[in-house]
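Working notes, structure below.
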Amino acid sequence: MGRTLSSQMRQISALLAAGMLAGCGGLRVPDPVPYTAGCPTGPVRAASEDQSQFFFLSSALPDCRDGSLKLAPFRHYNLTYGSGLYNWADERKPLEPAMVAHARETWIDGIARRLAEPAGKGRLLIFIHGYNTTFIEAHETAAKIGKLAGKDVPLVLFHWPSRERALSYPADEATISWAQGPIDEALADLTAKADDITIVGHSMGVRATIRAVLALDGYAHARPERVRKVVLASGDEDRDRVLREGGSVDMMLRHDRQILIYSSYRDTPIDLSRRVHAYARLGSTDCSYDLIYSRRALGKHGNCHRTFPREGLSVVSTSRIDPADHYDHNDFIEDCRTRADFAAFLRGAPPPPFRVDISEGELAGFEIVPDGPDPDGLCPPDE
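Take any residue in the sequence shown, count from 1 to its spot, add 291: that is its number in this note's numbering.
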């Protein structure tokens, strides 16, 4: 099986390279007028008892051709501020939301009203998605994270127009960089409203998350200290750039924050990204391509997510979790034990017992163990 998987990865790498070359012909962008003509704005609707609510900011082209609001996989010169209501098919599966666009002031006021509710305690949860992701997929992940944080915490999705194709990696890299400014500004605006913000970045969205948090210091009206928690899951970003002394983590920790990082050597998409970028990615624990040459001999089991300890930083390996889909990298939300660890972080609770300390010498780190004690019955045996 190992040889087959390796062969498949080589094929995907070749296709990725071919996709890069194919992208040289440019992207056919549609005329936006037919897409946006039927897109009215409306008020923020409150959720009923059995519904959930989310807010979103998107730099994608809105598509209202069938009478409902959708987001197309193309950039747009105007931002879309909106909200949506959705139900759940079951405990783990959110249904597609019914969405409406708002004027910016209406959007801000809607979030502010939710933040004023006593049960939420001024908390706000923000999610930034990664590459090759549709809006519906981004919403689904955001909704699952929101459920872990609790219904009383308002949920905001920062959406950028991924091309939604495996071979559009270069286009997505360019687009998330293009979308950075609006993300930075929106986060700065929300720090003036919320007292306690958690921001979660996944995959390529980790880049935008880090940059937006660091950009807060440049906005006069921003309150950087109100971003209390940062989660970097399966990060498609250079590992050394983030973890080195004086790197992104150290800069984010200049304010009193907690940072949680999830990484795994089993993450095939992150390994493919490493093949494109040459050096180790934040979302991998593999030592084989570490910047420090002497660590490379430790190989994929070397736990190179470990780094020198900082107050407020937890770097957690999920490598011992066997993903159901070897081409997925969502174990932070799909695996029960990692999900329980994530939920504890979001809620300010101690980590569950299956997060174990694997620090060694001057390097600190953790891992999620699949066979550790579960005295509270958080994860049934079949999960």
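Ideal Cβ positions, reconstructed from N, Cα and C, are used throughout, including at glycine.
Query, Result
"Cut-off 6 Å between Cβ atoms - residues of its own chain near Asp508, not counting five sequence neighbours on either side", "Pro515"
"Contact under 7 Å by Cβ, Phe623 with Tyr553", "yes"
"Uninterrupted alpha helix (DSSP H) stretches inside the segment 313-384 (no shorter than 4 residues)", "323-327"
"Contacts around Ala338, its chain only, beta-carbon distance under 6 Å, and the 5 residues preceding and following it disregarded", "Gln344, Leu376"
"Alpha-carbon spacing of Arg548 relative to Ala403, whole angstroms", "23 Å"
"Met390, DSSP secondary structure in three states", "strand"
"Reference Ile488, options Ser525, Met542, Ile550, closest by Cα", "Ile550"
"Sequence-distant residues of the same chain with beta carbon closer than 6 Å to Met542, five excluded per side", "Leu505"
"Stretch pair the segment 521-532 + the segment 388-407: three plus CB contacts closer than 8 Å", "no"
"Bridge partners - Thr598, DSSP secondary structure assignment", "Ala655"
"Nonlocal neighbours in the same chain, by C-beta distance under 7 Å from Arg405, ignoring five residues either side", "Gly411, Pro445"
"Coil, strand or helix - Thr576 by DSSP", "coil"
"The segment 476-486 touching the segment 355-369, judged by at least three CB pairs closer than 8 Å", "no"
"Residues of its chain near Asp270, where Cβ-Cβ distance is below 7 Å and the 5 sequence neighbours each way are ignored", "With the chain covering only 292 through 674, there is no way to say anything about residue 270."
"Alpha carbon of Gly450 to alpha carbon of Val647, nearest angstrom", "Note on identity: in this sequence residue 450 is His, with Gly being the wrong assignment. Going by the C-alpha atoms only, they are around 34 Å apart."
"Among Phe426, Asp662, Ile501, nearest to Ser374 - alpha-carbon criterion", "Phe426"
"Beta-carbon proximity of Ile399 to Phe418, cut-off 7 Å", "no"
"Beta-carbon separation (whole angstroms), Ala429 vs Cys330, contact threshold 8 Å", "Actually they are not in contact, since the Cβ atoms of Ala429 and Cys330 sit about 19 Å apart, beyond 8 Å."
"Residue(s) in a DSSP beta bridge with Thr489", "Leu416, Lys520"
"Helix, strand or coil at Val533 according to DSSP, with G and I counted as helix", "helix"
"Top-ranked residue by Cα proximity to Pro323, from Ala351, Arg566, Leu415", "Ala351"
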